Every structure is written in structure tokens, then in C-alpha cells.
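S.K.:
There are 2 protein chains.
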Amino acid sequence: MNLLLIKPTEINTDGRVTLVGRRHDHAREVLRVQTGETLRVGVRGGRVGTAEVLSEDARGLALQVTLDAAPPPRAGVDLVLALPRPKALKRVVPAVASLGVDRVVLVNAARVEKSYFESKALADDFLAGLVDLGLEQARDTVPPAIEIRERLKPFVEDELDEWAGKDSLRLLAHPAPASPVEPPSTHQRAVVAIGPDGGWVPFEVELFTKAGFHPFSLGPRVLRVEVAVPVALGALQAGRGRSP
Amino acid sequence: MNLLLIKPTEINTDGRVTLVGRRHDHAREVLRVQTGETLRVGVRGGRVGTAEVLSEDARGLALQVTLDAAPPPRAGVDLVLALPRPKALKRVVPAVASLGVDRVVLVNAARVEKSYFESKALADDFLAGLVDLGLEQARDTVPPAIEIRERLKPFVEDELDEWAGKDSLRLLAHPAPASPVEPPSTHQRAVVAIGPDGGWVPFEVELFTKAGFHPFSLGPRVLRVEVAVPVALGALQAGRGRSP
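Read top to bottom, the protein sequences are chains A and B.
Numbering that gives the first Met the number 0 puts the first residue of the first sequence at 0, with every later residue one more than the last.
Numbering that gives the first Met the number 0 puts the first residue of the second sequence at 0, with every later residue one more than the last.
(1) Using Cβ-Cβ distances below 8 angstroms, what residues of the region 139-157 of chain B are close to chain A?
(2) Do you know offhand how far A/A244's Cα is from A/L105's?
(3) Against B/A137, what residues of chain A qualify as contacts under a CB-to-CB distance less than 8 angstroms, listed in chain order?
(4) Here's a check: name, in chain order, each residue in its chain whose Cβ is nearer than 8 angstroms to the Cβ of B/T37, leaving out the five neighbours to either side.
(5) Tell me the rounded alpha-carbon separation between B/R220 and A/M0.
(6) Excluding the 5 residues preceding and the 5 following B/G164 in the sequence, name in chain order all residues of the same chain whose CB lies nearer than 7 angstroms to its CB.
(7) For chain A, find out if any of its Cβ atoms is closer than 8 angstroms to the Cβ of B/V88; answer yes or no.
(8) Comparing the C-beta of B/G233 with each C-beta of chain A, is any distance below 8 angstroms?
(9) Which chain B residues are close to A/P71, counting only those with a beta carbon under 7 angstroms from its beta carbon?
(10) Leaving out the 5 sequence neighbours to the left and right, which residues in its chain are closer than 6 angstroms to B/P243 when beta-carbon positions are compared?
(11) Terminal residues of the continuous beta strand (DSSP E) containing B/G48?
(12) Shorter than 8 angstroms from the beta carbon of A/S114 to some beta carbon of chain B?
(13) Name the one or two DSSP bridge partners that A/G59 has.
(14) Alpha carbon to alpha carbon, how far is A/A227 from B/V91?
(15) Once the 5 residues before and after B/K152 are set aside, which same chain residues still bring their CB inside 8 angstroms of it?
(16) Just list the beta strand (DSSP E) runs in the region 162-211 of chain B, keeping only unbroken ones of 3 residues or longer that don't cross its boundaries, in chain order.
(17) Which residues does DSSP list as the beta-bridge partners of B/G41?
(18) Could you tell me which of B/P7, B/V19, B/F125 and B/R169 sits nearest to B/P275, measuring between CA atoms?
(19) How long is the line joining the alpha carbons of A/T140 and B/L30, rounded to whole angstroms?
(20) State yes or no: is the C-beta of A/D101 within less than 8 angstroms of the C-beta of A/D77?
(21) Mark A/G44 as exposed unless 16 or more other C-beta atoms lie within 10 angstroms of its C-beta, in which case mark it buried.
(22) Answer yes or no: do A/P72 and A/R138 have a C-beta to C-beta separation smaller than 8 angstroms?
(23) Does B/Q33 get closer than 8 angstroms to chain A when you measure Cβ to Cβ?
(24) Quick one: which chain B residues come within Cβ less than 8 angstroms of A/A187?
(25) Does DSSP put A/P243 in a helix, in a strand, or in coil?
(26) May I ask you to report which of helix, strand or coil DSSP gives B/D131?
(27) State the CB to CB distance for the pair B/P85 and B/S118, rounded to an integer number of angstroms; the pair is presumed to be in contact (CB under 8 angstroms).
(28) At a CB distance below 9 angstroms, what residues from the region 72-106 of chain B approach chain A? Give them in sequence order.
(29) Around the C-beta of A/P83, are 16 or more other C-beta atoms found within 10 angstroms, so that it is buried, or is it exposed?
(30) Given that A/A237 touches chain B, what residues does it touch there, using C-beta distances under 8 angstroms?
(31) Determine whether the beta carbon atoms of A/R223 and A/A87 lie at a separation below 8 angstroms.
(32) Hey, could you find the ends of the alpha helix (DSSP H) A/E250 is sitting in?
(33) Any beta carbon of chain B sitting closer than 8 angstroms to that of A/V226?
(34) On a CA-only basis, which of B/R46, B/L129, B/F116 and B/P183 is nearest B/L235? Give me that one, please.
(35) Quick one: list the residues of chain A neighbouring B/V255, beta-carbon separation under 8 angstroms, in chain order.
(36) What is the rounded straight-line gap between the Cα of A/L80 and the Cα of B/V79?
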């Protein structure tokens, strides 16, 4: 935890907050905070800054918060992600949040097992907890919006244009060799669709291609989703850095 | 498991092999193989291909192996990695193997806890098991060589030139903003040094800089090592794809 994440409603008008539970425990047991010490904090969805420890005892961790900086800039990337198995989901959601992705749609695909949609890991509260882990890691405060679509075709055909915006660069991660794609320019949004283990099936490739997605190779290797996502983000980031 | 990994010594001269233990269990319980079926296989350090299931019973999984293809091309990247905490090591080693990294040196750093060097996860057999997970995922057969150095300074000052080779592009991952780095050309090796949670300390940055490392930004975010490594590899891969 590189940042203590606070909810806007938890802070008094005078900038004081008292935390109990997981964050208090972490501050006491891992950070071993002392009165007068300074911690990095951020307000979910808002600014980051520091907090002076006013007291730490059985009543909780009392802080005086100063929010003096913006959270890190966004990656400018949205993801269409074939719903991973629950174990992989628990790893990829914190990674996605730490990388500053704005929106994730978890979609069905031919090679996604139906049972994954029944997973308890998809409960709102559980996902929010995974997101917090990633934000705390990256010292960010802005959670990605996570949506779930159990039917891929209507999402791509009917919803995607509005969801992605007309001017986004649309990329379809595909293990097969693909022609080089011009990286998005600094301010253009990118939407990256990343398939399940085993990749998208031809019908799905066609569906995305019709919706304006360009095949985008992550290399010749079959990667776990929690590895493929950062590889894609790293490639986009390098491209942006070099584009005019 | 996208590839069944076989040791060279396990195969008879007539291309037959009988597997017991973990791989047999996986083939029976997860893949639910039937006699006559074909599996993807590879020989550790060698070629990949297919295997016909001759039989599957209490004696093991008997296969007739045909090795007709090369494993995927290498990433052309070596890593100098500050030794992560054991939990992170267990995630990053399979990722590194799946990405086709050739060599990893796990080094000490000011922000690495000394106790990590005592971890059971550093035992040769345990590391080899983690590597196999990554190779099986990526359908690769070539394990990265993993070495451990408990003293950073003598490694960088005395060993690194020979280890990395004179012509490699040397990059120091650093969260601070850094000038853009020209990506390595297609055949040039890259050596990337990735620090611990909290980054390299100034003394270490100076040490690497003196040894010819260029600061290389992975963006403004503090990333977990198992996320930072694929981001760096993705950025290098994108750069190579676009270099002449």
C-alpha cells in the first residue's frame, strides 16, 4: 500500500478523518505509524496529498489531511476484456487499476466458460476491493469503471460506438502476426480488446474488425491475461511517447 | 498449460515417452485426454510439436512425440531485477519465462529486505517449477537462466560488462520522468534493470548510470514488479517493431 485511500464522505470539513478496520490495521501493523508522522493519502475519485497522524489507538487512526496534488495522469486507454477465470480476474483488476485504465467491459466470448459469470469475484463490493488494491499501489485515486456484458455481439454491434467514442483508436490484441499499427497520438483514446486464453475465435475477430478494430500483435507468445494487459499498455505508452 | 513440457532425457530414441506425476495428472484431470488424441508438447531447451496419446492408465501417460517446429523467438531481453518479496517472485518468474526473457539476475538493493534472500522460493527446484509454468503458458521450451547476486555494487562494477555484452542497450527503469530512449534495433539485446517497490535509491541510480544505463520511464505510476516487467517488455517490443 503506497497510498491510504479515503472516501470523500469520511473527511470532515476541517480535513480530519478517523479510519477503522483494514486501513487502521495496515497503518498500525505494517506501517507502524506514530503520532506526528506523515502518510501519503488520496481521496477516492479526487486529489492526493499527505496526512499527519493525530492519534492511533483503539478508537482508530485519526488523521489531519492536506490534499495538495492531482493524482497521476490517466493512461487514456479503455479495455474490452474477455471475462477471465476468477483466479486471473483477481490479479488483472488490481493491475488494470494500477495502470490508470479508465473503463473496462468484461465480455463473454466463445472461449469463456459460462460459469465465470456466476463468480463471487464479480460482486460490486469485491471488484471495488480489487480496484482499491491497484489504486493504493499506484498512488492513484481514480477507479476504472467496470461493466459486465454477457452477450458480446449486441455489445460490439449496438453499444460500442457510443461507449468507445467515434475517434478512438480501436485495437484487437491477437497472437497471430499482424501488420504494425500506428500508435495513438498523445491525446487520442485507445480501446484495446483482449481475448480469453486461446484467443478470439474467427467469428469474434470478424465482429471486432467490422466495428473498426485493427489487429494488434502482442508477440508470438500465448500470455496470461494479467501479463497481456500490461504488455499492451506498455506498447501503447511507448508509441504515444514517440508520436508527435 | 498450453504445452506439455518434456525433459530431453525422458524421450526414447523412437520418440516415445511415458509421463507420471503432475503432467500425467493434468492430462487426465484437466485435459481429460483420450487414446488417439493429439497434445501440444515441447522438449525443455529444444523443439516443439505434437504427441499422440498411446495410452493413459495407472502406469502413466504414454505418448508418441513428433517435434516439428522451433519454439517462439526470444524477446532479446535480459533483466536485472531487484529481488522481489517471495509472493511477488512467485508471480514474476512465470511471467518472465512466458515473455521469453533470456537471463535474469536477481540482485540486492537498498530497498530489498535482506530476509528475501533466505526465501525457499529461491531454491533451484522451486524456481525451475515456476519457470516451467511460464514456458507451458507461452508454448515455449527455453528457460531463462536465473542467477542471484547478494551484492549489487560488485555485480554492476565487475561482472556486468561481461554478463550483458558490450553492445547491449542498457535501460534503467525509473518512475521519474526520463528523456525518451531510442528503442533497440531488431537484433540488439536490451538489458533492463527494474528496481524494488519504492525504486532504486540515488546511489544505485548513479551506479547503473556509470555502467552505461539510460533512465527509462515506465510512466508516472508505482507499479508492482509483476506488472512493471511486462510493461517494460511491451514498450521494448513496440519500439523494435517500429525500428529499422
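Using N, Cα and C, we set each Cβ at its ideal position, and we do this for glycine too.
Since the structure is predicted, the reported quantities are computational estimates derived from the model, not experimental observations.
M.R.: For this structure:
(1) D139
(2) Look at the range of chain A in this structure, 0 to 243, and you will see that residue 244 of chain A is not part of it.
(3) In the second sequence, residue 137 of chain B corresponds to position 138, counting from 1. Under the 8 angstroms cutoff, chain A gives R220, V221 and L222.
(4) Reading the second sequence from its first residue, position 38 is the one you call residue 37 of chain B. Within the same chain, B/T37 has close Cβ partners T49, A50, E51 and V52.
(5) For the purposes of this step, residue 220 of chain B is taken as residue 221 along the second sequence, with counting starting at 1. For the purposes of this step, residue 0 of chain A is taken as residue 1 along the first sequence, with counting starting at 1. Roughly 13 angstroms between the two C-alpha positions.
(6) For the purposes of this step, residue 164 of chain B is taken as the residue at position 165 of the second sequence. Around B/G164: R188.
(7) The residue labelled residue 88 of chain B in the question sits at position 89 within the second sequence. With the sequence shown as reference, residue 88 of chain B is identified as Leu, and Val is not the correct amino acid for it. No, its Cβ sits nowhere closer than 8 angstroms to a Cβ of chain A.
(8) As a position in the second sequence, residue 233 of chain B is number 234, starting the count at 1. It does: the Cβ of B/G233 has a partner Cβ on chain A nearer than 8 angstroms.
(9) Working through the first sequence from its first residue, we reach residue 71 of chain A at position 72. The answer, in chain order, is P219 and R220.
(10) What you label residue 243 of chain B is simply residue 244 of the second sequence in a count that begins at 1. Caution applies to B/P243, whose pLDDT of 40 falls short of 50 and renders its modelled position unreliable; the value that the coordinates give is listed next. Nothing meets the Cβ criterion.
(11) Counting from one through the second sequence, the residue named residue 48 of chain B turns up at place 49. Run containing B/G48: V47 to D56, per the beta strand (DSSP E) assignment.
(12) By 1-based counting over the first sequence, the position of residue 114 of chain A is 115. With 8 angstroms as the cut-off, A/S114 does not count as an interface residue toward chain B.
(13) As a working note, residue 59 of chain A is residue 60 in the first sequence. A/G59 pairs with A/D56.
(14) The residue labelled residue 227 of chain A in the question sits at position 228 within the first sequence. The residue labelled residue 91 of chain B in the question sits at position 92 within the second sequence. So the two alpha carbons sit approximately 13 angstroms from each other.
(15) Stepping through the second sequence from its first residue, residue 152 of chain B is reached at position 153. Apart from sequence neighbours up to five positions away, the residues of its chain that approach B/K152 with a beta-carbon distance below 8 angstroms are L206, ordered along the chain.
(16) 168-172 and 189-193
(17) Position 42 of the second sequence, counted from the first residue, corresponds to residue 41 of chain B. Beta-bridge pairing links B/G41 to B/L4 and B/V47.
(18) The shown model of chain B, from 0 to 243, leaves out residue 275 of chain B, and the question about it has no answer.
(19) Mapped onto the first sequence, residue 140 of chain A falls at position 141. Mapped onto the second sequence, residue 30 of chain B falls at position 31. Between A/T140 and B/L30, the C-alpha separation is close to 42 angstroms.
(20) Locating residue 101 of chain A in the first sequence gives position 102, counting from the first residue. Locating residue 77 of chain A in the first sequence gives position 78, counting from the first residue. Yes, Cβ-Cβ distance for A/D101 and A/D77 is below 8 angstroms.
(21) The residue you call residue 44 of chain A lines up with position 45 of the first sequence. Burial call: exposed.
(22) Reading the first sequence from its first residue, position 73 is the one you call residue 72 of chain A. Reading the first sequence from its first residue, position 139 is the one you call residue 138 of chain A. No, they are not a contact pair.
(23) As a first step, residue 33 of chain B must be located in the second sequence, where it is residue number 34. B/Q33 does not count as touching chain A.
(24) For the purposes of this step, residue 187 of chain A is taken as the residue at position 188 of the first sequence. According to the sequence displayed, residue 187 of chain A carries Gln and not Ala. Per Cβ cutoff of 8 angstroms: no residues; A/Q187 is ~16 angstroms from chain B at best.
(25) As a working mapping, residue 243 of chain A is identified with position 244 in the first sequence. Here the model assigns A/P243 a pLDDT of 40, short of 50, so the residue's position is not dependable, and the following value carries that caveat. Reduced to three states, the DSSP call for A/P243 is coil.
(26) Here the question's residue 131 of chain B lines up with position 132 in the second sequence. The answer is helix: DSSP assigns B/D131 an H, G or I state.
(27) Position 86 of the second sequence, counted from the first residue, corresponds to residue 85 of chain B. Position 119 of the second sequence, counted from the first residue, corresponds to residue 118 of chain B. That belief holds up - the Cβ atoms of B/P85 and B/S118 are roughly 4 angstroms apart, short of 8 angstroms.
(28) P72, A74, R90, P93, A94, S97, L98 and G99
(29) Here residue 83 of chain A refers to the residue found at position 84 of the first sequence. A/P83 comes out buried.
(30) As a position in the first sequence, residue 237 of chain A is number 238, starting the count at 1. Here the neighbours are P182, G233, A234, L235, A237 and G238.
(31) Counting from 1 along the first sequence, the entry for residue 223 of chain A is found at position 224. Counting from 1 along the first sequence, the entry for residue 87 of chain A is found at position 88. Yes, they are a contact pair.
(32) Chain A is shown from 0 up to 243; residue 250 of chain A falls before or after that span and cannot be answered.
(33) The residue labelled residue 226 of chain A in the question sits at position 227 within the first sequence. It does: the Cβ of A/V226 has a partner Cβ on chain B nearer than 8 angstroms.
(34) The sequence position of residue 235 of chain B within the second sequence is 236, counting from 1. Checking every option, the nearest Cα to that of B/L235 belongs to B/P183.
(35) This structure leaves residue 255 of chain B out entirely; chain B is present only between 0 and 243.
(36) Your numbering for residue 80 of chain A matches position 81 in the first sequence. Your numbering for residue 79 of chain B matches position 80 in the second sequence. Going by the C-alpha atoms only, they are around 31 angstroms apart.
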